[in-house]
Each structure stands twice: as structure tokens, then as C-alpha cells.
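In this note's numbering, the protein residues as written are 99 to 203.
Every residue, glycine too, gets a C-beta built ideally from N, C-alpha and C.
Have a look at the structure below, then the notes.
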């Protein structure tokens, strides 16, 4: 079951977790490699990854002794759908205002 919008937004509220997602955008990365690229400890990276995983933003796979993480498009779709609703409403409101303005002239 996909994560809730609240879980996704809460997970994305942390700068380190957003940075992890940015790094994962180029493809799967092992925890150790992520930890080497971030200014936080490996245990902290693991904790951030757990939050991202609970929010369905990342998935893990095992390759030998390494855990690889990659972005889960399903979790991103949840937040995209959430923001698209606002965008559609904004566009609808703009169209209404433009039509009113046209009618007034």
C-alpha cells in the first residue's frame, strides 16, 4: 500500500533526506557510498533511509553483502498527485479570471 501524502511530505521535510533522494536520482547507491557523500554518519544515513523507505520514496535490494537503495516512483507519484491538485485548481482559477477580464473589456 502506498504511503500517505503526510508520510511523504514529512519525509521530504528534512534536508538530508532530500539530499539523499537527489543522489539516488542517478541510480541505485549503497548505504556506505551514500554515507561517504554526506556530512552525516553511516548510522544516520541508515535512519534517514528507513524514513524514506517507510514513506515509499525508496526501495532497497540486496547485492551480495551490500544494500542498494533506489528511488521508488510510486512514492514520488503520491506527492506529485498532491501538488498537481493545487496546480489544476490554480489553472482553473486563472482561466476564470481571464474569462472575466475578457468579458469586462
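Strand pairing of residue i, partner residues [DSSP]
| i | result |
| --- | --- |
| residue 127 | 167 |
Identity of the residue in the options nearest residue i by Cα
| i | options | result |
| --- | --- | --- |
| residue 144 | 130, 185, 155 and 154 | 130 |
| residue 152 | 105, 124, 200 and 202 | 105 |
| residue 126 | 109, 149 and 171 | 171 |
| residue 162 | 128, 103 and 197 | 128 |
| residue 101 | 195, 196, 199 and 175 | 175 |
Terminal residues of the beta strand (DSSP E) in which residue i lies
| i | result |
| --- | --- |
| residue 149 | Element bounds for residue 149: not the beta strand (DSSP E) but the alpha helix (DSSP H), 140 to 152. |
Extent of the continuous alpha helix (DSSP H) to which residue i belongs
| i | result |
| --- | --- |
| residue 101 | Taken as a continuous stretch (DSSP letters only), residue 101 belongs to no alpha helix (DSSP H), as it is neither H nor E. |
| residue 119 | 113 to 122 |
Cβ-Cβ separation, residue j to residue i (assumed contact under 8 Å), whole Å
| i | j | result |
| --- | --- | --- |
| residue 114 | residue 146 | 5 Å |
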